[in-house]
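Here is the structure we will look at.
In the numbering used here, the protein residues as written are 194 to 440.
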């Protein structure tokens with residue numbers, strides 16, 4: 194039996210975000226949130242371990258009013274219990290790590306699983322910070338993970354070879370997008386997930402900002418706005434223009 198905590202990141206649906214024409218900043222207000230792709234991989238990895246070894250999967254989301262819908266998706270995938278922590282809408286890795294680590298310390302666990310980086314900040318800082326704060330070794334960038342006889346083993350894929358590393362439990366594991374194919378829950382599990390309770394609580398610490406985003410703007414893209422109505426003639430002209438641009 195293995196007790197697993199899986200950390201879920203919620204973020205705006207990137208396909209729905211457009212840059213502000215005036216400022217270049219992303220317009221995220223009122224954009225629907227979704228479970229980040231790497232969090233889906235983390236949930237899948239946790240549920241696969243539970244199915245193979247037995248145990249319980251508990252999910253934690255640092256979230257807001259939209260988080261229950263995301264947690265219900267995690268339930269449908271196989272998560273047993275979920276906690277939504279509210280009170281912070283920023284994007285500071287250390288503060289996030291402090292709050293989540295405090296919650297992890299209050300839940301019985303053998304393994305903490307999460308994505309190896311966030312799709313919005315792409316900092317990859319959280320796994321190492323949580324590892325340090327809870328005092329458990331980090332087995333990072335895993336493409337596969339298994340638990341047996343109190344030992345966690347993960348495989349990493351490097352440029353020239355594969356590496357397998359292991360550690361006694363408890364451990365923190367960060368997974369890559371190549372680690373698995375997240376499941377699509379059947380209708381019955383989706384319906385059952387809607388009836389499961391979700392625990393909600395405030396962050397244990399007041400919000401703190403250690404770092405901040407200086408600029409987050411889409412690069413300007415100016416087009417030549419040259420239109421060739423004659424296709425045959427246009428191919429010749431486009432080739433000529435491209436050769437000029439490459440000089």
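Every residue, glycine too, gets a C-beta built ideally from N, C-alpha and C.
Identify which residue in the options has its Cα closest to the Cα of residue i.
i, options, result
"residue 300", "232, 327, 345", "327"
"residue 206", "305, 220, 373, 371", "220"
"residue 369", "269, 427, 235", "235"
"residue 360", "375, 291, 344", "344"
"residue 237", "256, 268, 261", "268"
"residue 397", "365, 259, 421, 255", "255"
"residue 386", "292, 283, 272", "272"
"residue 363", "411, 213, 339, 424", "339"
"residue 215", "439, 419, 413", "413"
Can you round the beta-carbon distance between residue i and residue j to whole angstroms, since I take them to be within the 8 Å contact cut?
i, j, result
"residue 348", "residue 335", "7 Å"
"residue 198", "residue 279", "In fact, because the Cβ distance is near 18 Å, the residues do not count as touching under 8 Å."
Return the CA-CA distance between residue i and residue j, expressed in angstroms with no decimal places.
i, j, result
"residue 245", "residue 195", "10 Å"
"residue 294", "residue 434", "57 Å"
"residue 406", "residue 393", "28 Å"
"residue 297", "residue 286", "16 Å"
"residue 415", "residue 421", "18 Å"
"residue 241", "residue 437", "55 Å"
Quick check on DSSP: helix, strand or coil for residue i?
i, result
"residue 328", "coil"
"residue 415", "coil"
"residue 235", "helix"
"residue 352", "coil"
"residue 316", "coil"
"residue 369", "coil"
"residue 291", "helix"
"residue 388", "coil"
"residue 346", "strand"
By Cβ distance below 7 Å, which residues in the same chain neighbour residue i in space, the five residues on each side in sequence not counted?
i, result
"residue 224", "205, 206, 209, 210"
"residue 409", "218, 219"
Excluding five sequence neighbours on each side, which residues of the same chain lie with their C-beta closer than 6 Å to the C-beta of residue i?
i, result
"residue 200", "253, 307"
"residue 276", "253, 392"
"residue 229", "202, 204, 312"
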